Amino acid sequence: MGGKRVSIRDVAARAGVSTATVSNVFSGRKAVNDALRKRVLQAGAELGYSVDRAASQLRSGRTSVIAVLVPDLTDTFFATIVTSIEARASMLGYDVIVASSRDDRATEASRLKALLAWRPAGIIAVPCSNDMPAALTDNSDGLPVVLVDRVARDLRSVDSVVIDNADAGEIAARHLVEHGHRHIVIASSRNEIAPIAERIAAASRFIVDKTGIEPTVLEVGTVPEQGAGIFTKWLERHPVPDAVMATTNVTTLAVLSAFARFHIAVPDRTSLVAFDDDTWMSARNTGLTAVRQPVEEIAEAAFERLMFRMNHAGDAKPKSIVLGASLVVRASVARRSADPRGDGDETDIEGHMRTVEEARRRAKNSLH
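Reminder that position 131 of the sequence shown reads as 131 in the numbering used here, one-by-one numbering, no gaps.
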């Protein structure tokens with residue numbers, strides 16, 4: 001545009017829409033259908049358009065900054081949400097500041113205090129617990145807030161975006177049961193966290209209803225290395241299960257690491273349903289069947305709801321957006337024609353125990 005600042009009229013002309021439509025897309029004041037919204041955003045990107053927030057900042061006293069708080073930036077699920085929000089915010093002329101609570105309440109309080117000191121225009125937060133962070137509960141100045149993922153039902157009095165966790169748990173359980181699996185371990189991160197608890201409860205109900213056998217729920221935490229150690233100790237004392245259902249990408253890694261220590265092949269010896277469908281899950285020799293969370297859609301819904309709330313401070317009731325998960329079927333679940341152990345397959349158990357003893361010997365020798 002020859003050095004001249006790109007205007008809303010320029011974007012409207014490029015997209016072939018009215019200036020009102022462009023304004024609605026970038027302000028979030030009114031809904032715009034997906035096709036028009038994408039045309040406007042593409043035109044804005046091609047022209048290098050950015051929203052001038054100076055006037056609104058003067059009125060509100062807030063910066064053109066959006067704050068994002070997540071439990072762990074090394075977790076690809078949360079990292080993808082942050083990346084997606086950053087891309088959308090940049091299109092609208094906002095900067096994004098990000099902090100990690102490290103899954104700790106005290107750290108969460110400290111990080112929130114630092115984020116709020118920036119006087120952000122709004123905040124998207126994934127709580128580290130089922131409770132609303134105190135700094136957001138005492139929201140006397142009406143800061144727009146959208147909660148994502150870890151949202152207990154009693155917190156849905158604020159705008160939120162979640163997936164149908166009960167359905168996600170049942171999807172995974174159904175796939176295993178329909179493939180003949182009966183003795184199933186559910187690898188959990190933190191049982192008390194609302195989405196995890198919902199996945200476990202729904203999967204357990206389905207398994208018991210269809211097989212009459214209660215699944216084993218094993219809590220392995222949110223750190224892959226520690227989780228692998230917990231699952232390894234469990235395997236030292238129990239037969240290899242028919243199948244494992246992971247409840248997060250972190251628990252998936254923990255399970256696979258423990259299996260590797262005992263040379264337990266997937267799906268030849270046991271089946272595995274992963275969670276989150278990270279890229280690496282399809283890059284293995286044996287691709288992992290996984291429950292896929294619509295992470296891009298989660299980020300988009302959270303950002304658009306924040307934009308709406310920023311422009312309609314108290315004009316509408318809080319909205320809880322619930323998205324669906326899906327199952328991506330690959331090769332990590334084998335079909336079992338019957339219960340491979342029956343009342344107890346001694347050969348399988350004895351073979352596993354020999355593997356356990358061999359793993360112990362290797363670990364002991366490595367110390368000398």
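Even glycine gets a Cβ: it sits at the ideal position worked out from N, Cα and C.
Small disclaimer: the values here were computed from a predicted structure and weren't measured.
Next item on the list: Could you tell me if His263 is buried or exposed, where buried requires 16 or more neighbouring beta carbons within 10 angstroms of its beta carbon?
Entry: On the sequence shown, residue 263 is found 263 positions in, with the first residue counted as 1. So His263 ends up on the exposed side.
Notebook entry, point to check: What is the DSSP secondary structure of Arg88, reduced to helix, strand or coil?
Noted result: Numbered from 1 along the sequence shown, position 88 holds the residue referred to as residue 88. Note: Arg88 maps to helix in three-state DSSP.
Note to self: Looking at the strands, I want to know which residues DSSP matches up with Ile124.
What the structure shows: As a first step, residue 124 is located in the sequence shown; it is residue number 124 there, counting from the start. Partner(s): Val68 and Val146.
Notebook entry, point to check: Whose C-alpha, out of Arg39, Lys4, Ile186 and Ser320, is nearest the C-alpha of Ile200?
Noted result: Counting from 1 along the sequence shown, the entry for residue 200 is found at position 200. Minimum Cα distance to Ile200 is reached at Ile186.
Item checked: Through-space distance from Arg37 to Arg14, alpha-carbon basis -> Start at 1 with the first residue of the sequence shown, and residue 14 comes out as number 14. Start at 1 with the first residue of the sequence shown, and residue 37 comes out as number 37. Near 13 Å, if we compare the C-alpha coordinates of Arg37 and Arg14.
Note to self: Across the region 132 to 140 and the region 82 to 89, are there enough close Cβ pairs to call them in contact, namely three or more that are closer than 8 Å?
What the structure shows: Flag = no, the region 132 to 140 and the region 82 to 89 do not touch.
Next item on the list: Have a look at Thr289, Ala194 and Arg190 and flag the residue whose alpha-carbon is nearest the alpha-carbon of Gln226.
Entry: Looking up residue 226 in the sequence shown gives position 226. When each option's Cα is compared against that of Gln226, the closest is Arg190.
Check: What's the call for Thr279, buried or exposed, on a 16-neighbour Cβ count within 10 Å?
Finding: Here residue 279 refers to the residue found at position 279 when the sequence shown is read from its first residue. Exposed.
Checklist line | Pick from Val322, Ala301, Val328 and Asp131 that is closest to Ala31, judged by C-alpha positions | finding: For this step, residue 31 is matched to residue 31 along the sequence shown. Taking only the C-alpha atoms, the option nearest Ala31 is Ala301.
Note to self: Tell me whether the region 159 to 179 and the region 92 to 101 touch, counting them as touching only if at least three CB pairs, one residue from each stretch, are closer than 8 Å.
What the structure shows: With the cut-off at 8 Å, the region 159 to 179 and the region 92 to 101 do not touch.
Item checked: Supposed contact pair Val22 and Ala12 - C-beta distance, whole angstroms, cut 8 Å -> The residue you call residue 12 lines up with position 12 of the sequence shown. The residue you call residue 22 lines up with position 22 of the sequence shown. Contact between Ala12 and Val22 is confirmed by a C-beta separation of about 5 Å, below the 8 Å threshold.
Check: In terms of residue numbering, what span does the beta strand (DSSP E) encompassing Ala43 cover?
Finding: Taking the first residue of the sequence shown as 1, we reach residue 43 at position 43. Counting along the chain, Ala43 falls outside any beta strand (DSSP E), though it belongs to the alpha helix (DSSP H) covering Asp34 to Leu47.
Notebook entry, point to check: How long is the line joining the alpha carbons of Ser271 and Ser129, rounded to whole angstroms?
Noted result: Position 271 of the sequence shown, counted from the start, is the residue given in the question as residue 271. Position 129 of the sequence shown, counted from the start, is the residue given in the question as residue 129. Spanning the alpha carbons of Ser271 and Ser129 requires a straight line of approximately 31 Å.
Item checked: Nearest residue (CA-CA) to Leu235, options Arg182, Thr216 and Thr248 -> If you number the sequence shown from 1, residue 235 lands on position 235. Ranked by Cα distance from Leu235, the first of Arg182, Thr216 and Thr248 is Thr216.
Note to self: If I measure Cβ to Cβ from Arg105 and keep anything under 7 Å in the same chain, skipping five residues before and after, which residues do I get?
What the structure shows: Position 105 of the sequence shown holds residue 105. So the list reads Cys128 and Ser129, once near-sequence residues are dropped.
Margin query: Quick check on Gln57: does DSSP put it in helix, strand or coil?
Written below: Position 57 of the sequence shown, counted from the start, is the residue given in the question as residue 57. Legend: pLDDT at Gln57 = 48, less than 50; position of this residue unreliable, value from coordinates given subsequently. Three-state DSSP puts Gln57 in a helix.
Check: Which stretch, first to last residue, makes up the beta strand (DSSP E) that contains Val217?
Finding: Translated into the one-based positions of the sequence shown, residue 217 becomes position 217. Element bounds for Val217: Thr216 to Glu219.
Next item on the list: Could you name the residues that DSSP lists as bridge partners for Ile213?
Entry: The residue you call residue 213 lines up with position 213 of the sequence shown. Its beta-bridge partners do not exist; DSSP assigns none.
Notebook entry, point to check: CA-CA distance, Asp343 and Arg182?
Noted result: Taking the sequence shown and counting its residues from 1, one reaches residue 343 at position 343. Taking the sequence shown and counting its residues from 1, one reaches residue 182 at position 182. At Asp343, the pLDDT of 44 sits below 50, so the modelled position is not reliable and the matter cannot be decided from this model.
Next item on the list: Determine the burial state of Arg88: buried for a count of at least 16 other Cβ atoms within 10 Å of its Cβ, exposed for fewer.
Entry: Here residue 88 refers to the residue found at position 88 when the sequence shown is read from its first residue. Taking all protein chains shown into account, Arg88 has 16 or more neighbouring C-beta atoms within 10 Å of its C-beta and is therefore buried.
Checklist line | Test item: CB-CB of Arg336 and Gly180 under 8 Å | finding: For the purposes of this step, residue 336 is taken as residue 336 along the sequence shown, with counting starting at 1. For the purposes of this step, residue 180 is taken as residue 180 along the sequence shown, with counting starting at 1. Cβ atoms of Arg336 and Gly180: closer than 8 Å.
Note to self: Here's the rule: buried if 16 or more other CB atoms are within 10 angstroms of the residue's CB, otherwise exposed. What is His175?
What the structure shows: For the purposes of this step, residue 175 is identified with residue 175 of the sequence shown, where counting begins at 1. Classified as buried, His175 has 16 or more neighbouring CB atoms from the shown chains inside 10 Å of its CB.
Notebook entry, point to check: Could you give the C-beta distance for Thr247 and Ser204, rounded to a whole number, given that I count them as a contact under 8 Å?
Noted result: Walking along the sequence shown from the start, residue 247 turns up at place 247. Walking along the sequence shown from the start, residue 204 turns up at place 204. Not a contact, Cβ separation roughly 12 Å.
Next item on the list: Would you decide whether Thr251 is buried or exposed? Buried here means 16 or more other CB atoms lie within 10 Å of its CB.
Entry: Against the sequence shown, residue 251 aligns to sequence position 251. Per the 10 Å Cβ criterion, buried.
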